[in-house]
Each structure stands twice: as structure tokens, then as C-alpha cells.
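Notes for the one structure printed next.
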Amino acid sequence: MRTATIESGRRAEPEPVAEPAGGASSADGGPPDGPATGNSIQLKNWRVRTRLVALIVLPTVVAVLLGGLRVASSISSAAEYQRVREAVELVGNVGVLLHELQLERDLSVKYVAGGRRDRDLLTTVNSQHDAVNAAAQQVRVRAETSGDALGGLGREDMARALARLSDLTAFRKIVLESQLPPLRGIENYRLVTDDLLKLYDAAGQGVPDEGLYASIKALAALARAKEAVSEQRALLALGLARQRLDPAELDAFTGAAAREQSELAAFTAVATTDERQLYNDTVTDQKVDRARFFIDRTLYLVGTGQPIRNLSGRGADADRWFDAISEQADLMRDVMAGLTKSIVARSEALQSSDRNVAVVNITMVVVVLLLVLLITAVMARSLVRPLRRLRSEALEVAGHRLPALVQRLRESEDGAAGQAAVQPIGVVSADEIGEVARAFDEVHREAIRLAGDEARLRSNVNAMFVNLSRRTQTLVERQIALIDGLEQGEQDEQRLGDLFKLDHLATRMRRNSENLLVLAGQEPARRWSRPVEITDVIRASLSEVEGYERVALNFPSDVSIAGQAVNDVIHLLAELVENALSFSARDTRVVVSGNRIDGGGVMISVTDSGIGMTSEEISQANWRLANPPVVDVSVSRRMGLFVVGRLAARNGIRVQLRPHDGGGLTAMVLLPETIMGHPAHQPEAYSSAFAPAWSPRQAEQGTAQQGIGGWGRQQLPASGAAAPSLHDPLTRIRGRSSGMDETATGPLPAVTGPVPMGLGAMPATTGPVAISGPVHGAPIPQGGAPSAPAEEYLPIFASVESAWFRRTPAADTGSGWQNTSPVDAGWQAAAAATEKPASDGTTSSGLPKRVPKANLVPGSADPAAAPAAPAPSPPLLSPDRARSRLASLQQGVRQGRAVARGELSEDEGYPTAKGDGA
Numbered sequence: 000m001r002t003a004t005i006e007s008g009r010r011a012e013p014e015p016v017a018e019p020a021g022g023a024s025s026a027d028g029g030p031p032d033g034p035a036t037g038n039s040i041q042l043k044n045w046r047v048r049t050r051l052v053a054l055i056v057l058p059t060v061v062a063v064l065l066g067g068l069r070v071a072s073s074i075s076s077a078a079e080y081q082r083v084r085e086a087v088e089l090v091g092n093v094g095v096l097l098h099e100l101q102l103e104r105d106l107s108v109k110y111v112a113g114g115r116r117d118r119d120l121l122t123t124v125n126s127q128h129d130a131v132n133a134a135a136q137q138v139r140v141r142a143e144t145s146g147d148a149l150g151g152l153g154r155e156d157m158a159r160a161l162a163r164l165s166d167l168t169a170f171r172k173i174v175l176e177s178q179l180p181p182l183r184g185i186e187n188y189r190l191v192t193d194d195l196l197k198l199y200d201a202a203g204q205g206v207p208d209e210g211l212y213a214s215i216k217a218l219a220a221l222a223r224a225k226e227a228v229s230e231q232r233a234l235l236a237l238g239l240a241r242q243r244l245d246p247a248e249l250d251a252f253t254g255a256a257a258r259e260q261s262e263l264a265a266f267t268a269v270a271t272t273d274e275r276q277l278y279n280d281t282v283t284d285q286k287v288d289r290a291r292f293f294i295d296r297t298l299y300l301v302g303t304g305q306p307i308r309n310l311s312g313r314g315a316d317a318d319r320w321f322d323a324i325s326e327q328a329d330l331m332r333d334v335m336a337g338l339t340k341s342i343v344a345r346s347e348a349l350q351s352s353d354r355n356v357a358v359v360n361i362t363m364v365v366v367v368l369l370l371v372l373l374i375t376a377v378m379a380r381s382l383v384r385p386l387r388r389l390r391s392e393a394l395e396v397a398g399h400r401l402p403a404l405v406q407r408l409r410e411s412e413d414g415a416a417g418q419a420a421v422q423p424i425g426v427v428s429a430d431e432i433g434e435v436a437r438a439f440d441e442v443h444r445e446a447i448r449l450a451g452d453e454a455r456l457r458s459n460v461n462a463m464f465v466n467l468s469r470r471t472q473t474l475v476e477r478q479i480a481l482i483d484g485l486e487q488g489e490q491d492e493q494r495l496g497d498l499f500k501l502d503h504l505a506t507r508m509r510r511n512s513e514n515l516l517v518l519a520g521q522e523p524a525r526r527w528s529r530p531v532e533i534t535d536v537i538r539a540s541l542s543e544v545e546g547y548e549r550v551a552l553n554f555p556s557d558v559s560i561a562g563q564a565v566n567d568v569i570h571l572l573a574e575l576v577e578n579a580l581s582f583s584a585r586d587t588r589v590v591v592s593g594n595r596i597d598g599g600g601v602m603i604s605v606t607d608s609g610i611g612m613t614s615e616e617i618s619q620a621n622w623r624l625a626n627p628p629v630v631d632v633s634v635s636r637r638m639g640l641f642v643v644g645r646l647a648a649r650n651g652i653r654v655q656l657r658p659h660d661g662g663g664l665t666a667m668v669l670l671p672e673t674i675m676g677h678p679a680h681q682p683e684a685y686s687s688a689f690a691p692a693w694s695p696r697q698a699e700q701g702t703a704q705q706g707i708g709g710w711g712r713q714q715l716p717a718s719g720a721a722a723p724s725l726h727d728p729l730t731r732i733r734g735r736s737s738g739m740d741e742t743a744t745g746p747l748p749a750v751t752g753p754v755p756m757g758l759g760a761m762p763a764t765t766g767p768v769a770i771s772g773p774v775h776g777a778p779i780p781q782g783g784a785p786s787a788p789a790e791e792y793l794p795i796f797a798s799v800e801s802a803w804f805r806r807t808p809a810a811d812t813g814s815g816w817q818n819t820s821p822v823d824a825g826w827q828a829a830a831a832a833t834e835k836p837a838s839d840g841t842t843s844s845g846l847p848k849r850v851p852k853a854n855l856v857p858g859s860a861d862p863a864a865a866p867a868a869p870a871p872s873p874p875l876l877s878p879d880r881a882r883s884r885l886a887s888l889q890q891g892v893r894q895g896r897a898v899a900r901g902e903l904s905e906d907e908g909y910p911t912a913k914g915d916g917a
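Taken in order, the sequence shown gives residues 0 to 917; the numbers are from numbering that gives the first Met the number 0.
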């Protein structure tokens, strides 16, 4: 069985399962798969926050680097200033050592020049040795802590100077106790002092501040000038002791004097104004002038060849010279100490300044970084938050709001919800993101407008469907009524069989017309007010399909369907049975079975042995049955599937397809307990068309007229008013007569006999049919007289024969055919009620309101009417005659179907019977 509409006998291709409204998500919950985005490291795939970070990271890194360089420069300068301060402090100690060492040298030379006989002077020299040793020890201690401040060359000079200081004890002994010439002693001391003077130059290496560097150079120049003054003191003391100077000694003296003037000139060149002023204010005294006088006088005397004596004219020139020149040396030492303190103070100030600059730079870098991060975070948030809100609300619109609104539009009658206001996206900025939000609002608004147009178009199409279906149904009902009239007046079996086929085709046309109502979502126009047995419902559904003789029923008869769901259940089962018949071989059967289930309700199964379906197709079909799609082009290809789904959803019925073990499919239909009803009350005026001749009901009504060909036919009243006979009474369950009142289409009788050939499974054998009661068309015996030869009994003719063509007894020969019978009166009354039926106004839809029992045929429901006279019993048929007639009927039905399928021509399928007068 295939759950698809059959078109031109071809198999409809399955469609993919439709996704539910609201959009489908992937297996992981994420959004639907979109176009390939490429590698995640590509620039187009970067997040907005990442792009903002990339935008500012380069300037930020550059700013941090520059700030870091400034911080590093400031820290380096501060460290350099600290080094300078430590070096100058070390040089200050070296200056003290130089001063003491120079005094020791000069005293030693004076002692040696006096012939090493002055014990007091020797004592003074030894005391000076202690002072030099103490100063040297301070220098060693300072060198251990601050020696690195002098740099590489300075450390080497310091090492040589300390090494020479270590040898100073031996050298002193040589100077004081040996016969070493005084000039040689001065030169040996100069080796130590030169190494110590080099430390001044090392202290000024790499100083970042030019003023500080100039001050250090001035300090070094002043130290060398003081060294020259000290040498002059020793040499002139030597000359005064011997009253002469050797040429070497004179050269040394004049050289020292020249170096003094040169170094003082250098000091004046590099020193600041304050430093020069300090020197001028400090190194100025009477003794300084006396020392200058002694130097000039000595040079004059030496130049004139005179002995060096009586320089001041007062005697004791050696002591007076030594005292005067020592005063100048002491003043110069004071200036050097002042310069050292000034340099140290300035170094500390510059170091503190650079440290402050470094702190400020670090603070600025940190503040800049924080500002950059803050600005980046704020900017990123200002971009990302609207984008995220735009994304979330766009997904909300696409996944929930828009589908819900579209669904409301689909459910509305005329798309009135299309004018609903669009809730804008909650992004109210005026930037590009806000423009995108407004553009999405326009898209949303346009989608709603299009959905409203679609809903209105669908409503119009549904209205056209309903209009077309109503018109078609009206024509079909009139066609069925016309066929009923022809059947009632037809006596030829072959023509009567053709009318039966035409009646069956009209019934199927009516079902196809009702499909349009299902497509339009309309409720059925007629509903039953009382429950109907489910066996009758299933047989009624079989009357609406072709090939119903291939259907085998296996269902209990103690279950009934509520009246309001009868038509939908008939329609649903007819679609399933038709598909089962269409997609299975003609020599196979379709089994319709069912039973009650424990949880409540009834389970009906429609099983075929057809081509079946794949697992994927079954899954798709079951999804469509559980979720009927919107009417579109695909519905035209799957109309049966759509109709079944709509009808099942309307009544809470569950339909599911399953593969059958022997091949084919099984359609499982679960009828809920809510549509179940109790069996309807069966009036005695009805008898089952399929009840056997031995039925108790027929046994009790042996004198009643039996409708052999009309299942569920209502007995004619005694008055003779005959309702139109329906050859296919199963369709009466659907209320096929447009003018028939619901109360006039009372409940169906119970079916207790075997299934008839035309509607159930084909019997395995054709046995005799026992008929009890009279048969219409059979001759009626007169007063016990010999009966005329028995007429051949025709079941179909007897089922549709009206009172007009019935044989009347011989006593009635006096009445002509022109006489008006009660049947004619009944027909006239029925026609009058049809042309102008009584109604109680109209409904809101414009349909007339029915007035119960106001349109009944006069006399058809008269309780006071006398019971009809019992009709004579029809003649009994022999088994051979019944078998022959049933076999002929079966052969005719098969030939007719072969002609309908195009397998036989009309001449071959309907040969003219000999002797029928045709």
C-alpha cells in the first residue's frame, strides 16, 4: 500500500520529510548549516572583539615600547647617576688619601734634604704615615663596596693604586733610611699619585648629564693642580735646604709650576661660575700670596744664578715656604671637598629626578594601557552587545515570532492578522548596526505582509475549493438522485448493473469532491446524531473505492462510532483502502481487521501485499500523517496522505504505517475512546440486507418485505407512500441525498450475516441463497388457484423495483394505469417538500435551519396508519438457480471492470443477450 494519491496509475515519488514550523536545527542544537566559511584564521571569520583588539594592539604595543624605552632610559640614567654618586664619593676618599700622601711625600723630602737629622721632623713624618695608612684603609673599604662604579678601566686603576699602597711601607723605608736622592723619591711617590688621579677621570666616564660631567672634570683638574702644588712644595723645600736646585730638580720645579697653571686654566674652563667663584673665594689668603712670591723669587734667583736663600728677608725661609704652600694646598683641598659634595648632591638630585621620571613613565604607560583596554572594552561592548541582541532577536523572530504569526495567518479566515504591528528589534542606535536592525524590521514587516497575502490567497483558494466542492457535490447528489430514479424504474438486469456501476462512480466522485473540503479545512456539512456500528462504517467506506470485492473484513460488530465522527472515519478508511488496492496486485486481497485495545479505543489495520515502501519513505509518510503540511503543490501529489492526516488530526485519530512481514504495508488506525459510541437503537422497520434467511429477525418478519438488493432499506409504509429506493444503501450513511433530513436517515441495522459479494471479501464458494418472505416481481397466487408458471427471479430488479411496476392481483384489473396511486401522492408530497422545504430561518453562514419532521413525506411516519397487509411469500429458488444467477452476476461485474480498465472493448464486455428484445 502506498499513502499517496494515484494519478494515471503511476507511483508517486516520495518527498522529503517536511520540517516543523519554526525552522530546523542541526543535530547538535546549533543553527542550520550555511555556506562554507573557510578557515577560522581568515580575516573574514574574525570576531568583532578580535578585530578591535587587532586594530589597537599595534599602536598599543608601540606606545608600550616607547614608554618602556623611556622608563628604561630613566632607570638607566638613575642607575648611572647612582654610579656617579658612588664613584664621586669614592673619589672623595681618594682625594683625602692624595692629600695625606702628598703631605707625607713633602715631609719625607724635607727630612731627607735636611740630612735625616731632624728627629722632630721624623716624628712628624711617622705620624703622617699613620694618617696615610688610615686614609688608604678607608679607600680600600670604599673600593670594595663602590669599586664597580668606576667602570672597567677605573677598577684597573684602583687595583694598581691599591697595589702600590701596599708597597708603600717598603718604599718609605727606602726613602727615609737609604741614600735615595730626593728627586727619585718624589718620582716614586708620583707613581702612586698618578694612579690615584686617574680615578677622577674614571668617575666622569659615561655621565649622562653634561653639567655633572663638567663638574667632575673640574674636580679632576683641581686635583691635578693640587698635585702640582704639592710637588712644588717638596722641590722648593729641597732647594731651600741646599740653597740650590739641580737642573733636573729645576726642570721638575718649573714643570710643576707650569702644570699648576695649566690645570687651573682647565678648571676655570670647565667649572661653572659658582665653582670658579668658590675657588676664587676660597683659595685666596696672605699665605697663598706669599707662596706665589716665594715661587717667583726662586725662579728669579735660579735664573740669575744666585743661591736660593733669604727669600723673605726675615730668615727661616724653609719653614715659612712650607707653611705658606701647605696653606694653599689645604684651601685647594677644601674646594675639592666642596666640589665633591656638590657633585654628590647633584647626582642624587638627578638620580631622584630620573627615578621620578621612571615612575611617572611607568604610571603613564599603565594608565595608557588601562585606558586602551577600557576604551577597547567599551567600544567592543558597544559593538558586540547590539550585534548579539540583533542576532538573538533575529533568531527569535525567525524561529518563533514569525513562524507563530505565519501560523496565525494560516489559521485566520482572511489573513486579518497581516496588519499586525511589527515589534522592532531592540537596537535603537543610529549607527550601521541600528541601520541593519531597521533593515531587518523592514524584512520582518515585508515577510508578514507576504504571509498575510499568502493567507488571503489561501483563504480565497479555500473559498474556491469550497465553492467548487459544493457545486460539484450538488451536481453529484442530483446525479445520484437521478440514478436512483432510473434504478427504480429499470427492469433490465444488464442496464441495472450499468446503473449500479454509475452509482458507484458517482459515490467515488463525491468523495473526491469532499477532498476539496478537507483541503480547504472545512467541516463536513452533515453529521450523524446517533452512533453507527463500526462494521457498517467500514462497509460504507468500501462502497467508495474501486475493487472493493478484494477487501476481506475481520472485525467485531459490537463497536460503534459516535455520529459526529462517522463521515470522517468513512472518508479516512476509504483513502487508506483505495491506496492499498491501488498499490497491490489485482489477484491479492486487502485485509481490514481490528479489535478493541486495553487502553481504550479501537485499532483498525489495513494490510496489503503490495510493493511496500522503504524505511525512509515510511518515516517520511508517518511524519506527514502526524504533522499535516500546509496546502501547496506537494499536496496535489499526496492528496490521500494529506486528507488522511487532516481527518486524523481533526478527530484525534492516530495513523501509522508499518512494513508487513509478508510484503506490503499495514496502516494502523487507532480510533480513540472519545469518538466511540453505543450501538444505535434498531427500529423494527429496518432489516439487514446482509442478514441470512434464517435470521431471527427475518423469521419474525416472515410476512414483511425483504430488501435483498438494498442493504438497510426502510420498509414502505402501508399507505403505499414509497421513498426513493437507493441501490447502494451503504452510501446512505454519508447522507448522500442532499435533501434528506438527518432524522429521516435513522440508524443502521446490525449486520449479523455474511458479508455480501459486492462489499466484502469474495466468498470461496457460491452456495444457495435461502430467501424467506415474498419477492417483489414474483407472481402472487390467487385464492389457492393453480399458480401460473414461476417467473425468473431477479434479485437486483427486485431490489429496485418500485410500486409502479409491481404486479397487482387480478381483482385489480379494473383500475387503469392512469389512476393515481398512493405512491404517486407520496412522490408529489416529497417533490413539494423538496422544492420549498420548511425552515426556521437561516444560520450565520446563510444555510437554512432544519425544522424536525417538517419535511417528511405525508403518511411516511403516520403512527395511526394501519399496518400494511402482509405480502405473499416469494417463490423459493433452487440452489442451482441461485448459484447460476450469482455466477452470472460475478461474471458481469468482472467484465464491466475489464471494460473500465480498457482490457476489453464494450462489444466484448457487454454482449447483447439473445431474446431480450434489444
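We treat Cβ as the ideally placed atom computed from N, Cα and C, and that holds for glycine.
- Shown here, Pro847 sits in a strand according to DSSP, grouped into three states.
- Around the beta carbon of Ile479, 16 or more other beta carbons sit within 10 angstroms, so the residue counts as buried.
- Across the set Gly676, Arg189, Gly67, the C-alpha of Gly67 shows the shortest separation from the C-alpha of Val365.
- With fewer than 16 other Cβ atoms inside 10 Å of its own Cβ, Pro878 counts as exposed.
- For the pair of segments examined, the segment 81-97 was found to touch the segment 187-198: the number of CB pairs separated by less than 8 angstroms reaches three.
- For Ile603, the enclosing beta strand (DSSP E) stretches over residues 601-606.
- Residue environment analysis places Gln136 among the exposed positions, since fewer than 16 neighbouring C-beta atoms fall within 10 angstroms of its C-beta.
- Cβ atoms of Gln350 and Tyr80 come within 8 angstroms of each other, at about 4 angstroms.
- Less than 9 angstroms separates the beta-carbon of Lys500 from that of Ala899.
- For Ser177, no pairing in a beta bridge is given by DSSP.
- Cα atoms of Leu485 and Leu504: separation of roughly 15 angstroms, rounded to the nearest angstrom.
- One Cα belongs to Tyr278, the other to Asp200, and the distance between them is close to 20 angstroms.
- Linking Asp245 to Asn132 through their CA atoms gives a straight-line distance of about 32 angstroms.
- Residue state for Gln204 is assigned as coil, using DSSP reduced to three classes.
- Within the segment 420-502, complete alpha helix (DSSP H) segments of at least 4 residues are found at 431-488, given in chain order.
- In this structure, Val228 lies away from Ile215, with their beta-carbon atoms at least 9 angstroms apart.
- DSSP, read as helix, strand or coil, puts Ala899 in helix.
- Each residue's CA atom was taken as its position, placing Val442 and Gly398 some 15 angstroms apart.
- Put simply, the segment 301-310 does not touch the segment 338-354. Fewer than three CB pairs are less than 8 angstroms apart.
- By the 16-neighbour rule on beta-carbons within 10 angstroms, Gln490 is exposed.
- In this model, Thr253 and Arg296 are separated by some 13 angstroms (Cα to Cα).
- The beta-carbon separation of Arg645 and Pro627, rounded to 5 angstroms, stays under the 8 angstroms limit for a contact.
- Within the segment 44-92, no alpha helix (DSSP H) run of at least 4 residues lies entirely inside it.
- Burial check for Ile40: the Cβ neighbour count within 10 Å stays below 16, so the residue is exposed.
- For the pair Val591 and Leu572, the CB atoms are nearer than the 9 angstroms cut-off.
- The shortest CA-to-CA distance from Ala328 to any of Arg223, Asp273, Val427, Ala357 is the one to Arg223.
- The C-alpha of Gly425 is placed about 56 angstroms away from the C-alpha of Arg595.
- Taking the Cα positions, Gly901 is about 51 angstroms away from Leu404.
- Rounded to whole angstroms, the gap between the alpha carbons of Arg884 and Gly891 is 10 angstroms.
- By the Cβ test, the segment 358-378 is in contact with the segment 54-66, since at least three Cβ pairs between them sit closer than 8 angstroms.
- Look at Thr506 here: in three-state DSSP terms it is helix.
- For Lys109, the closest of Arg46, Thr49, Arg470, Arg232 by C-alpha to C-alpha distance is Arg232.
- The distance from the Cβ of Ala220 to that of Phe266 is about 4 angstroms, consistent with a contact at the 8 angstroms cut-off.
- When the beta-carbon positions are compared, Leu198 and Ala160 come within less than 9 angstroms of each other.
- A residue is called buried once 16 or more other Cβ atoms fall within 10 Å of its Cβ, and Ala240 is buried on that count.
- Contact between the segment 43-52 and the segment 164-173 is absent: fewer than 3 CB-CB pairs across the two stretches fall below 8 angstroms.
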